[in-house]
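Heads up, the thing below is written out as structure tokens.
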Amino acid sequence: MTLPLATALTTVLTSVALFGAASPAHASPTGCTTGRDGKTAWAYCSGGSGNYAVVIRVTHPDPTVGSWPEVGPCVSPGQRSEYTPYHNIPFTVTGITYC
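For my numbering, count along the sequence shown from 1 and bump the result up by 24.
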């Protein structure tokens, strides 16, 4: 992933987060947990309504490249959003995003 693409993804995620927070009709999943099984990040919400996806933050070893978010598939409560990056760059699971 190139830095311009990472910047674009950050902008999109920020816009989605702001729009979702500002919308009173937006439903929220409940009972959410996140984790990691080896190289696969996951998020699971047991109830509520609305869709969500797991979010990770990738941190490139070269500080001049920086870090960026990557997002898993959008799922409904009761389903598990799983994401396995195609690269071997270190990452952390940061939570969920509404989709």
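Glycine is no exception: its CB is placed at the ideal position from the N, C-alpha and C atoms.
Residue burial classification, residue i (beta-carbon count within 10 angstroms, cutoff 16)
{"i": "GLY96", "result": "buried"}
{"i": "THR121", "result": "buried"}
{"i": "PRO87", "result": "exposed"}
{"i": "PRO114", "result": "exposed"}
{"i": "TYR76", "result": "buried"}
{"i": "PRO53", "result": "buried"}
{"i": "PRO85", "result": "exposed"}
{"i": "ALA41", "result": "Caution is warranted here: a pLDDT of 46 is assigned to ALA41, below 50, making its placement in the model unreliable, and no coordinate value can be reported."}
{"i": "TYR107", "result": "buried"}
According to DSSP, residues forming a beta bridge with residue i
{"i": "ILE120", "result": "VAL78"}
{"i": "TYR110", "result": "According to DSSP, which records beta bridges pairwise, TYR110 is partnered with nothing at all."}
{"i": "CYS69", "result": "CYS56"}
{"i": "SER100", "result": "Answer is none; SER100 lacks a bridge partner."}
Three-way DSSP call (helix, strand, coil) for residue i in this model
{"i": "VAL89", "result": "coil"}
{"i": "PRO53", "result": "strand"}
Nearest-angstrom Cβ-Cβ length linking residue i and residue j, presumed shorter than 8 Å
{"i": "SER105", "j": "ALA51", "result": "Contact flag wrong, Cβ pair sits at about 16 Å."}
{"i": "VAL78", "j": "THR58", "result": "6 Å"}
{"i": "PRO93", "j": "SER73", "result": "At roughly 24 Å, the Cβ-Cβ gap does not stay under 8 Å, so PRO93 and SER73 are not in contact."}
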